[in-house]
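Some notes on the structure that comes next.
Take a look at the structure:
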């Protein structure tokens, strides 16, 4: 009887947590749509000239954004391939790249496990067990959360120095709470220890120094993402050095919030809302909304472009090989 009650309680708890996440997602969508409406109304009313703002953009900067995104993607694939190399039989790096890029596109779909399922299918011809894919995917998420919280904590004192109102103070405390709870919660490190305790492909323990290297690499990726958002922000409005640091913190908060939710496509709405709230410290909310949406659109476009190139190269190579 006690076992049955425990099972029923766990099922009830799972349903309650799932309902809570969905309600939070709905509230986030509502607030984000309100921000879109507010920004659109401001532009239509002539409070801000959208044409003038767009004319300020140096379109050459999008080339630099693409290069930064490509560098972050190379680092992400390197960490993924390195983790897979530790947990599973060796696979050529070109295949790691192809699988990571291909399954990365599925992150845009609702839900959080499409890319994991895709990885399991695409690694199957190489004899990689699904358990290894699950372990490495879980380790990837935990390391991204820890490194994101670390970057957020580093930037938070600078962001806190800019607060001028009650709602900003509340946001500062909320962001600090998210970072601290993510970085110092025992469950986070317990999960990391559990995932890291799995034996490598040759049966040896996973090196803690290698895990630290992965964490530092992910931290660098968070900074690169913040620089992408920064390039978009300064296209519309000059920023002080505090603003530069704050924009990187806004990116870390948005990405971390998206990871913690994981219901909508890539935390859609959650990430942008978090970014807008922090960016509003340094620029008008309608402009901050434009920057956040611009970052989402540009990164999605670059992601699809790189995926298209990744898919086309093998096809072209096969056609050339058949021809000659």
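Numbering (the working numbering), first residue to last: 537 to 860. Quick reminder that beta carbons are idealized off the backbone N, C-alpha and C, glycines included.
Extent of the continuous alpha helix (DSSP H) run through residue i
i	result
residue 634	629–641
residue 669	666–696
residue 598	597–623
residue 660	Looking at the DSSP string, residue 660 is not in any alpha helix (DSSP H), and its letter there is neither H nor E.
residue 772	744–772
residue 594	Note, residue 594: premise wrong, no alpha helix (DSSP H); not H, not E.
residue 728	722–732
Residue i burial status per 10 Å Cβ neighbour count (16 or more: buried)
i	result
residue 750	buried
residue 847	exposed
residue 523	The requested residue 523 is not part of the displayed model; the chain covers only 537 to 860.
residue 745	exposed
residue 595	exposed
residue 790	buried
residue 695	buried
residue 772	buried
residue 761	buried
residue 682	buried
residue 827	buried
residue 679	buried
residue 609	buried
residue 597	exposed
residue 721	exposed
residue 571	buried
residue 730	exposed
residue 837	exposed
Residues near residue i by beta carbon distance below 7 Å, same chain, minus five either side
i	result
residue 850	none
residue 832	808
residue 677	795
residue 779	818
residue 697	778
residue 629	617
Cβ neighbours of residue i in the same chain (closer than 6 Å, five flanking residues each side left out)
i	result
residue 641	843
residue 575	822 and 825
residue 654	639 and 642
residue 662	627
residue 753	611 and 615
residue 810	789, 790 and 793
residue 660	none
residue 728	678
Spatial neighbours of residue i in its chain, beta-carbon cut-off 8 Å, leaving aside the 5 residues before and after
i	result
residue 883	Only positions 537 to 860 of the chain appear in the structure, and residue 883 is not among them; the question remains open.
residue 830	768
Neighbour flag for residue i against chain C, beta carbons, 8 Å
i	result
residue 608	Although the question refers to chain C, the structure presented lacks it and comprises just one protein chain.
### Query
Can we say the segment 679–689 touches the segment 710–724, given the rule of at least three CB pairs closer than 8 Å?
Yes: the two stretches touch, three or more of their Cβ pairs being nearer than 8 Å.
### Message
Would the segment 773–790 count as touching the segment 811–828 if we require 3 or more Cβ pairs under 8 Å?
### Response
Touching, yes, given that three or more Cβ pairs across the two stretches are closer than 8 Å.
#### Entry: Cβ contact check for the segment 660–673 and the segment 758–773: 3 or more pairs under 8 Å
Too few Cβ pairs lie closer than 8 Å, so no.
### Message
Is it the case that the segment 599–617 contacts the segment 631–640, given that we only count it when at least three CB pairs across the two stretches are under 8 Å?
### Response
Contact annotation: the segment 631–640 touches the segment 599–617, with at least three C-beta pairs closer than 8 Å.
#### Entry: Validate contact between the segment 595–605 and the segment 829–849 using beta carbons, cut 8 Å, 3 pairs
In short, these stretches touch, since the Cβ pair count reaches three.
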